[in-house]
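Undergrad:
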Amino acid sequence: MKKGCRFGTHRVISPENALPQNAQKVDNSLPIYNNELLIDVDILNIDSASFRQMKDANNGNIDGVKNMILSIVAERGKQQNPVTGSGGMLLGTVKEIGPDYTNKRNLKVGDKIACLVSLSLTPLHIDEIIEIFPERDQVKIKGHAILFDTGILTKIPEDMPETLALAVLDVAGAPAQARNLVKPGMNVVIIGAGGKSGSICCAVAREILGNSGKLMAIQPSERGVKRIKSLGHCDEILQVNAQSPVDCYNAIKKSTDGEMADLVINCAPVADTEMSSIICCKDSGTVYFFTMATSFTKAALGAEGIGSDALLIIGNGYAPNHDQIALDVVRNHPKLRKLFEEQYV
Ligand SMILES: NC(=O)c1ccc[n+]([C@@H]2O[C@H](COP(=O)([O-])OP(=O)(O)OC[C@H]3O[C@@H](n4cnc5c(N)ncnc54)[C@H](OP(=O)(O)O)[C@@H]3O)[C@@H](O)[C@H]2O)c1
-10 MKKGCRFGTH RVISPENALP QNAQKVDNSL PIYNNELLID VDILNIDSAS
40 FRQMKDANNG NIDGVKNMIL SIVAERGKQQ NPVTGSGGML LGTVKEIGPD
90 YTNKRNLKVG DKIACLVSLS LTPLHIDEII EIFPERDQVK IKGHAILFDT
140 GILTKIPEDM PETLALAVLD VAGAPAQARN LVKPGMNVVI IGAGGKSGSI
190 CCAVAREILG NSGKLMAIQP SERGVKRIKS LGHCDEILQV NAQSPVDCYN
240 AIKKSTDGEM ADLVINCAPV ADTEMSSIIC CKDSGTVYFF TMATSFTKAA
290 LGAEGIGSDA LLIIGNGYAP NHDQIALDVV RNHPKLRKLF EEQYV
């Protein structure tokens, strides 16, 4: 059996010296190396920014999305959308464990698992796309994926349907980071609060704020507003498009009596929402860009352009124990769980 590098560099085809995430192309072939894990893939949970981009590029035609996924994976050896750069994650069954794979815990062949590293770096081969579920950004496939020694995973819990667990685990970084960032008394703004990560963050923020501070949602669509209202976590819902910074600024200024936000969490899966996040935030405040549609250039230069000293945080998808934190939020909030079950099961 060939020996692999723990970071997966042995799978990089091009460019030379890249790690798998920033590689243009990776090797998805079998057999596995000594320190890898082979997974029989069942479902891909495509990152929301990526799924929307593919849907838009095909004018909503799902066969077009299907062909796009097949051609991306055939070309790159991984599901990394070339426009958004993002991937998603997967659910599958452990098929083979390399003898030197060190991340074993109690893992055994046959276990149902979800990968907690991005599809944008995971070697993937698709034999067949069986079905696409556009309303939940999930794709049922037949194929295999390979996890490196540094790739983290989690077993699928037994107390919830696997497609629900997969959807929650996809955005597990958001509630874990929200828990670290929200403090009692803060003015908190959640952009895209009616979506998956947004509504989990709202639940976490409400728990921490209790009756203190103010929790505000920015959500343009009627559909999203309805979801936020039904959960009842937010003090105010501002039906504004986050691609219109001045409208967002005016809405938050009014809602906070000119104080503005201590913390803005951006979960909108569309481009050009950086400045709405920054402009709504106090100078002493923090913006957490969970969205994969964030442009570092737009955020950094835009903040400079309006003289904002806010702390800008990149939405790292990982935080210690983030999988259990995210699943627990859904377990502890029955209304949230019900809403998610309606959409993701
Ligand atoms: N950092 C990480 O590790 C990580 C991991 C996973 C996902 N992500 C990213 O996190 C983001 C959110 O993912 P998700 O799964 O929560 O997405 P989602 O379920 O699709 O939710 C997105 C929410 O944003 C709303 N929205 C759309 N356009 C908006 C706009 N112009 N202004 C304000 N809100 C808008 C959506 O409303 P409608 O539904 O009505 O359009 C929806 O409520 C995506 O960009 C995804 O790629 C990041």
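Sequential numbering of the sequence shown, starting at -10, is according to my numbering. Quick reminder that beta carbons are idealized off the backbone N, C-alpha and C, glycines included. None of these values were measured; they are calculated from a predicted model.
#1: Note down the Cα distance separating Glu5 from Arg65, rounded to an integer number of angstroms.
#2: Please name the residue in Pro258, Leu19 and Gln127 whose C-alpha comes closest to that of Gln332.
#3: Taking Tyr22 as the reference, which of Ser39, Pro112 and Gly76 has the closest Cα?
#4: Within the stretch 6 to 81, note down every full alpha helix (DSSP H) run reaching 4 residues or more, in order along the chain.
#5: Roughly how many angstroms lie between the CA atoms of Ile197 and Pro173, to the nearest whole one?
#6: Can you check whether the CB of Glu117 is closer than 8 Å to the CB of Ile130?
#7: What span of residues does the beta strand (DSSP E) with His311 cover, start to end?
#8: Tell me whether Tyr333 sits in a helix, a strand or coil according to DSSP, three-state version.
#9: Along the beta strand (DSSP E) that carries Cys104, what are the first and last residues, could you check?
#10: Can Ile267 and Cys237 be called in contact, C-beta distance under 8 Å?
#11: Given a threshold of 16 other Cβ atoms within 10 Å of its Cβ, counted over all protein chains shown, does Ala63 qualify as buried or as exposed?
#12: Determine the extent of the beta strand (DSSP E) in which Ile119 is found, giving its start and end residues.
#13: Give a yes or no on whether the C-beta atoms belonging to Asn92 and Ile141 are separated by under 8 Å.
#14: With which residues is Gln127 paired in a DSSP beta bridge?
#15: In chain order, which alpha helix (DSSP H) runs of at least 4 residues are fully inside the stretch 206 to 235?
#16: Output the boundary residues of the beta strand (DSSP E) element that contains Ser201.
#17: Tell me, please, which residues DSSP counts as bridged to Ala289.
#18: Using C-beta distances below 6 Å, list every residue in its chain close to Ile302, excluding the 5 sequence neighbours before and after it, in chain order.
#19: I'd like the span of the alpha helix (DSSP H) that includes Thr152, first residue to last.
#20: Relative to the C-alpha of Asn176, which candidate in Gly184, Lys242 and Ala163 has its C-alpha closest?
#21: How about Gly213 and Ala250: do their beta carbons lie closer than 8 Å?
#22: For Gly162, report the span of its alpha helix (DSSP H) as first-last.
#23: Rounded to whole angstroms, what's the CA-CA distance from Gln166 to Asp312? Just pull it up for me.
TA: Per the coordinate set shown:
#1: 15 Å
#2: Gln127
#3: Pro112
#4: 37 to 46 and 51 to 65
#5: 6 Å
#6: yes
#7: Looking at the DSSP string, His311 is not in any beta strand (DSSP E); the run it does join, the alpha helix (DSSP H), is His311 to Asn321.
#8: helix
#9: Lys101 to Cys104
#10: no
#11: exposed
#12: Leu113 to Phe122
#13: yes
#14: Asn34 and Phe122
#15: 211 to 220
#16: Element bounds for Ser201: n/a, residue is neither H nor E.
#17: BP columns for Ala289 are empty, so no partner.
#18: Tyr277
#19: Glu151 to Asp159
#20: Lys242
#21: no
#22: Gly162 to Leu170
#23: 12 Å
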